[in-house]
Amino acid sequence: MTPLEPVSLQTETLILRLLDEADLPAVYDIFSHPEVMRYWSYPPWTDRSQAQQWLIDVQEGYRTGDALQLGIERNADHVLVGTCTLFQFHVASRRAEIGYALGRPYWGSGYMHQALQALLRYAFQTLDLNRLEADIDPRNIASAKTLERLGFQKEGHLRERWIVNDEVSDTWLYGLLRREWQERSSVG
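Here the working numbering is used: the first residue of the sequence shown is 19, the next is one more, and so on.
See the structure below:
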């Protein structure tokens with residue numbers, strides 16, 4: 019892919035923006051928390067150097083256009099509360115995957131729903147994607163509810179897809195089509 023343009027998305031209470039060195043302490047707090055990482059495809063971070071390597075990878079994704087990971091920052095106090103990502107772009111099919119993480123203190127706040135609404139709008143309107151996909155652990159009921167509230171449909175169940183820290187888990191695959199998103203957007 020080609021490099022992605024610098025992105026800053028605004029919502030009523032949030033800014034979605036590119037990540038930088040100043041975000042490393044907050045990012046480490048998010049990705050080292052056992053509850054946040056419970057259903058991820060890798061274990062919680064245990065060393066701050068993992069955050070530094072992650073940022074190198076994130077910034078490489080910006081340069082190559084392979085991934086767009088945005089920080090979710092509150093407008094009111096500029097606290098980084100989470101991240102959301104577009105990755106695994108398939109240019110010919112105009113498709114990508116989404117991923118997201120919210121710091122434990124911010125669960126139940128509505129921030130992720132608001133952030134993902136902005137990310138979907140950007141993906142479908144600006145990037146002209148036709149389809150978005152998400153891969154979640156079936157035990158992560160909160161994530162399933164988030165996706166379904168946004169209009170994603172559960173399309174598949176892959177058995178024993180991930181092994182993290184010797185724990186085997188399945189995957190639910192979700193998909194959202196541009197036309198479905200447009201229909202929901204014009205109603206609400």
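Ideal Cβ positions, reconstructed from N, Cα and C, are used throughout, including at glycine.
- In chain order, what residues of the same chain have a beta carbon less than 6 Å from the beta carbon of Ser-187, not counting five sequence neighbours either side? Cβ neighbours of Ser-187 beyond the five flanking positions: Asp-155 and Trp-180.
What residue range is occupied by the uninterrupted beta strand (DSSP E) comprising Val-76?
That residue, Val-76, is in no beta strand (DSSP E); its alpha helix (DSSP H) goes 66-82.
The segment 96-109 in contact with the segment 64-71 per 3-pair CB rule at 8 Å: Taking 8 Å as the limit for Cβ pairs, the verdict is that the segment 64-71 does not touch the segment 96-109.
Quiz item: Under the three-state reduction of DSSP, which class applies to Ala-136: helix, strand or coil?
Solution: If DSSP states are grouped into helix, strand and coil, Ala-136 belongs with the helices.
Presumed contact (8 Å Cβ cut-off) between Asp-41 and Gly-117, rounded CB distance
Between Asp-41 and Gly-117 the beta-carbon gap is near 17 Å, outside 8 Å, which marks them as no contact.
Is it right to say Ile-159 is buried, meaning 16 or more other beta carbons lie within 10 angstroms of its own, or is it exposed?
Ile-159 sits exposed, since fewer than 16 C-beta atoms from the chains shown fall within 10 Å of its C-beta.
Next on the checklist: Between Arg-196 and Leu-147, how many whole angstroms is the CB-CB distance? I'm expecting something under 8 Å.
Outcome noted: At roughly 7 Å, the Cβ-Cβ gap stays under 8 Å, so Arg-196 and Leu-147 are in contact.
ask   = Between the segment 44-53 and the segment 20-32, do at least 3 Cβ pairs fall closer than 8 Å?
value = Touching, no.
query: How big is the Cα-Cα spacing for His-96 and Glu-78?
result: Roughly 24 Å between the two C-alpha positions.
Nearest candidate by alpha-carbon position, reference Val-25, set Thr-164, Arg-92, Val-182 and Leu-137
Ranking Thr-164, Arg-92, Val-182 and Leu-137 by Cα distance to Val-25 puts Leu-137 first.
Where the beta strand (DSSP E) through Tyr-192 begins and ends: Taken as a continuous stretch (DSSP letters only), the beta strand (DSSP E) holding Tyr-192 covers 185-195.
Looking only at its chain, what residues have a beta carbon closer than 8 Å to the beta carbon of Phe-49, apart from the 5 residues adjacent to it on each side? Taking C-beta separations shorter than 8 Å and ignoring five residues to either side along the sequence, the partners of Phe-49 in its chain run Met-55, Pro-62, Trp-63, Gln-68, Ala-69, Trp-72 and Ala-119, following chain order.
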